[in-house]
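Take a look at the structure below.
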Amino acid sequence: MAPKRLFYEDDEVIITKPGFNEEISEDLKQQESSHGNISFVKGMGIRTAPVLEEYVNKARLILHEKLSYYGAELGTQQSALCNEYKTIKNEVQSSIKEPVLPNLIYILTSSLTGSILVNRRSLPLRFFTPVIFGGVAFNYFMPRSYNVVQEKITNYEKDNLPDVYKNQVTLAEKYQDLRKYLLQGLDNKTTQIENSVHNARLYLIDLFSDKK
1 MAPKRLFYED DEVIITKPGF NEEISEDLKQ QESSHGNISF VKGMGIRTAP VLEEYVNKAR
61 LILHEKLSYY GAELGTQQSA LCNEYKTIKN EVQSSIKEPV LPNLIYILTS SLTGSILVNR
121 RSLPLRFFTP VIFGGVAFNY FMPRSYNVVQ EKITNYEKDN LPDVYKNQVT LAEKYQDLRK
181 YLLQGLDNKT TQIENSVHNA RLYLIDLFSD KK
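Just so we're aligned: 164 in the UniProt record's numbering is position 164 of the sequence shown, and the numbers increase by one with no gaps anywhere.
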């Protein structure tokens with residue numbers, strides 16, 4: 001044990017113990033590593049805790065796994081969103097056959113007019129009237145685009161909503177039959193009126209001819 005050094009004591013009295021530039025023994029390594037592993041790098045001891053290393057490695061692996069998973073999911077969602085955007089853009093471009101302006105302004109104005117006309121009516125009427133006005137205006141101002149959109153909707157219903165498609169076909173057939181019946185009735189009425197007028201003219205001609 002080195003003697004106690006006094007402040008004003010001469011330094012030459014203190015005998016220093018020289019260091020050793022060599023690796024420590026295995027027994028000493030075990031003693032030094034009783035509270036953790038120790039490794040030497042260029043004579044410097046670096047101590048590590050096995051339990052702490054285990055938990056840190058587990059946390060690092062879990063974090064890496066979660067980041068990889070969510071990164072892959074984010075990439076997948078971004079790719080799906082881009083594909084959906086391209087699909088919608090192509091569908092819109094393929095459906096529009098006439099200039100958008102000013103036809104779109106006319107359609108929106110018609111829809112707004114329908115909304116204003118029924119702003120104090122019941123909720124279903126306020127919902128359907130602007131749609132009907134807009135649809136009629138769309139058919140009037142952009143007929144080719146309207147036909148393309150109607151065809152796409154019909155094909156979608158045919159593939160995904162067969163019951164709705166069948167009901168629409170049935171309603172369309174009934175409408176055509178009713179329209180045909182009404183037109184036929186009008187034609188018959190027109191023919192009857194023409195025959196009545198013709199017979200009346202013939203009667204008047206015969207009547208005046210007899211008087212002469």
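Built from N, CA and C at the ideal position, the CB exists for glycine as well.
Quick one: using the 10 Å Cβ neighbour count with 16 as the cut-off for buried, is residue i buried or exposed?
i	result
Ala72	exposed
Tyr146	buried
Thr129	buried
Ile46	exposed
Beta carbon of residue i: closer than 7 angstroms to some heavy atom of the ligand FAD?
i	result
Asn57	This structure lacks the ligand FAD; in fact it carries no ligand of any kind.
Express the C-alpha separation of residue j and residue i in angstroms, rounding to a whole number.
i	j	result
Leu61	Tyr69	12 angstroms
Asn199	Asp206	10 angstroms
Pro162	Ala80	28 angstroms
Leu123	Thr190	42 angstroms
Ser110	Ile116	10 angstroms
Leu202	Leu183	28 angstroms
Leu108	Pro143	16 angstroms
Phe127	Gly135	13 angstroms
Tyr106	Gln192	43 angstroms
Phe138	Ile132	10 angstroms
Under a three-way DSSP split, which group does residue i fall into?
i	result
Ile62	helix
Ile193	helix
Lys42	coil
Val118	coil
Leu112	helix
Which residues mark the beginning and the end of the alpha helix (DSSP H) in which residue i is found?
i	result
Pro124	123 to 141
Leu101	Careful: Leu101 lies outside any alpha helix (DSSP H) and carries neither H nor E.
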